[in-house]
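Below: the structure, in structure tokens.
Residue numbers (UniProt numbering): 1 to 639.
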């Protein structure tokens, strides 16, 4: 056999193909094969025997022809005997024919039944006219179903091209051609069964067989006009929703969270935090009212205007007579009433707490503008005789346009007033007055506190920066902080009621005191040093010579006990008290005249030691006669 190939091209684009390649047996003149390339991009290869078409292969794409490939075989009369097609997601459809009439169709989800569908395989058999007679479905979960169709009263459509959201639709008809039922299997595994009467839909049930959605079944009933009248939804978590409609417009909806028909909730409280929600709708289907009963006994009632929420009232186990539950209920409040503007934005909210506190909030376009809280204060502004539940009578808070706190003023039961200012929600300053009037004059009795006023400023992070305190007795205290940690404090005796004028204290990065300097009224100074908050030494000087001594110095051990205490007198004499673990062990005295005048009758040094037998005192004309352990005091240099 000698073969000859020829190719023709559609250079003028007159046909739907670009080129056709033909192979001919030159001995017989019969076509052996053809290869056609179409404009849309698919390619068909046909094979002939004795000049008769016996098979062809159509290679394409989902975008061009709706499948990736199709293989067709023909009998000697040119009728197809089988057609195999691979669609999107590897959906494979194999059709078998006899004398040109379809006898069987096999649908396979993927090459091994592991595709995207909830089923692995569907086998259809056809009658002599090619209509579907039976359908056998093997589901992924192993179940097998068999459907038998009556001739002439059913129709089945399959979405081979994967362009719809369903796999197939079965429809049955009566003798007049009106629908009796329709079953739809969707791509996601949902099955919908619909019944009709005289062609009008009367009921529908959807089952989430593949467990794709949060519900198990949805059952819908329709009126004689085909408009929805009732719908019941059973969710996976046991929640049930029942909706009623009038002429297709929803009128009410009731939801139960595992609540039985006797109204008793599930022992475990169910899946939700509520037992029941009842919602009513107006004539336009807009929500009108909604009432929610929560598991903890709280009840919420909402009212709407043209579908926009107008108000909400919440009760915490409060009866219709307004009397709260004896145990106080589940919440810390008895009632919350909220009103909304015409756009549904919150406008005002009033909360009555169990302890008698009342909070009233105002909003502007849904953004909180102010909050006022009263602790058992009547509308006349008079506080409760027992002082109420809180230490304050009233708190008023204002907010900026972004809803960030701007100012807050608190009036306490004891007459103290605190005023706070904020910047972008971060506290900037606090001023507190103890019964001080707006004229700055303190109360005659001194008020409730030992101070008249405390002013505190904060840095950009809201950390305390500076605090100034004015006390009733005239003392002033200034504290300085870094990142909220105090590192310096100054105290001043403005009204001269103390024996000192000023005290300056410094702290380390951990807030522990490191040193303190005190300046006394007579000009003397005391300097104290600390280590890890523990005092290690004290030095006090008589700067202006008001005392008979010049310097006093005390040293402490690691436990804070006095180690020794020394005094240098104006005449250059000195005394030293020596301690062991806080217990006095020796008292050493140096006499200035005895030390420096050889002709003096005074002793130069005198040592008193304290032992088990009591104190023993020894005088020395020559201090070098002391035990060496005391020499350091002879040469001691007062700082």
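Here a beta-carbon is modelled for each residue, glycine too, at the ideal position from N, C-alpha and C. Since the structure is predicted, the reported quantities are computational estimates derived from the model, not experimental observations.
Query                                                                                                                                                                                        : Result
Helix, strand or coil for residue 40 per DSSP?                                                                                                                                               : coil
Beta-carbon within less than 6 Å of residue 221's beta-carbon, same chain only, minus the 5 sequence neighbours each way: which residues are those?                                          : 203, 229, 230
Note the first and the last residue of the continuous beta strand (DSSP E) segment covering residue 125.                                                                                     : 119-126
How big is the Cα-Cα spacing for residue 133 and residue 127?                                                                                                                                : 6 Å
Determine the closest residue to residue 103 out of 94, 503, 277, 147, with distance taken between C-alpha atoms.                                                                            : 94
Residue 554 lies in the beta strand (DSSP E); which residues open and close that run?                                                                                                        : 549-556
Thinking residue 47 and residue 55 are a contact (beta carbons under 8 Å), I'd like their distance in whole angstroms, please.                                                               : 5 Å
Tell me which residue opens and which closes the beta strand (DSSP E) that residue 416 is part of.                                                                                           : 416-423
Out of curiosity, what's the CA-to-CA distance linking residue 643 and residue 356?                                                                                                          : Since the first residue shown for the chain is 1 and the last is 639, residue 643 is missing from the structure and cannot be characterised.
For the beta strand (DSSP E) holding residue 186, just list the boundary residues, first then last.                                                                                          : 179-186
Going by C-alpha to C-alpha distance, which of 270, 387, 11 sits closest to residue 235?                                                                                                     : 270
In angstroms with no decimal places, state the Cα-to-Cα distance between residue 57 and residue 189.                                                                                         : 32 Å
Per DSSP, what are the beta-bridge partners of residue 374 in this structure?                                                                                                                : 358, 394
What's the C-alpha gap between residue 588 and residue 534?                                                                                                                                  : 27 Å
Could you give the uninterrupted runs of the alpha helix (DSSP H) lying entirely in the segment 17-103, keeping only those of 4 residues or more?                                            : 62-65
Can you tell me where the alpha helix (DSSP H) holding residue 146 begins and where it ends?                                                                                                 : Element bounds for residue 146: not the alpha helix (DSSP H) but the beta strand (DSSP E), 144-148.
Less than 8 Å between the beta carbons of residue 292 and residue 315, yes or no?                                                                                                            : no
Where does residue 444 fall in DSSP's three states?                                                                                                                                          : coil
Please report the distance separating the alpha-carbon of residue 463 from that of residue 481.                                                                                              : 9 Å
Could you pull the start and end residues of the alpha helix (DSSP H) that residue 111 belongs to?                                                                                           : Neither: residue 111 is in no alpha helix (DSSP H) and is coded neither H nor E.
Out of curiosity, what's the CA-to-CA distance linking residue 13 and residue 66?                                                                                                            : 23 Å
Please return the same chain residues whose Cβ sits closer than 8 Å to the Cβ of residue 500, not counting the five positions on each side in sequence.                                      : 493, 518, 519, 520, 521
By Cβ distance, which residues of its chain are closer than 7 Å to residue 29, with the 5 residues on each side in sequence left out?                                                        : none
Please determine, among 219, 52, 125, 224, the residue with the shortest C-alpha to C-alpha distance to residue 233.                                                                         : 219
Please confirm whether any heavy atom of the ligand GDP lies closer than 7 Å to the CB of residue 224.                                                                                       : By its list of ligands, the structure shown contains no ligand whatsoever, and the ligand GDP lies outside what it can speak to.
Taking just the CA atoms, how far does residue 333 sit from residue 389?                                                                                                                     : 13 Å
Please work out which residues of its chain come closer than 6 Å, Cβ to Cβ, to residue 207, disregarding the five sequence neighbours upstream and downstream, and give them in chain order. : 191, 217
Which one or two residues does DSSP pair with residue 132 in a beta bridge?                                                                                                                  : 126
I need the boundaries of the beta strand (DSSP E) containing residue 546, first residue and last residue.                                                                                    : Neither: residue 546 is in no beta strand (DSSP E) and is coded neither H nor E.
On a CA-only basis, which of 538, 5, 570 is nearest residue 546? Give me that one, please.                                                                                                   : 570
Which two residues bound the contiguous alpha helix (DSSP H) that contains residue 633?                                                                                                      : 631-634
Is DSSP giving residue 463 helix, strand or coil here?                                                                                                                                       : coil
Assuming residue 53 and residue 42 make a contact with CB atoms under 8 Å, what is their CB distance in whole Å?                                                                             : Not confirmed; about 18 Å, so no contact.
Does the Cβ of residue 120 have 16 or more other Cβ atoms within 10 Å, making it buried, or fewer, making it exposed?                                                                        : buried
Pick helix, strand or coil for residue 625, following the three-state DSSP scheme.                                                                                                           : helix
Would you report the Cα separation of residue 512 and residue 487, rounded to the nearest angstrom?                                                                                          : 8 Å
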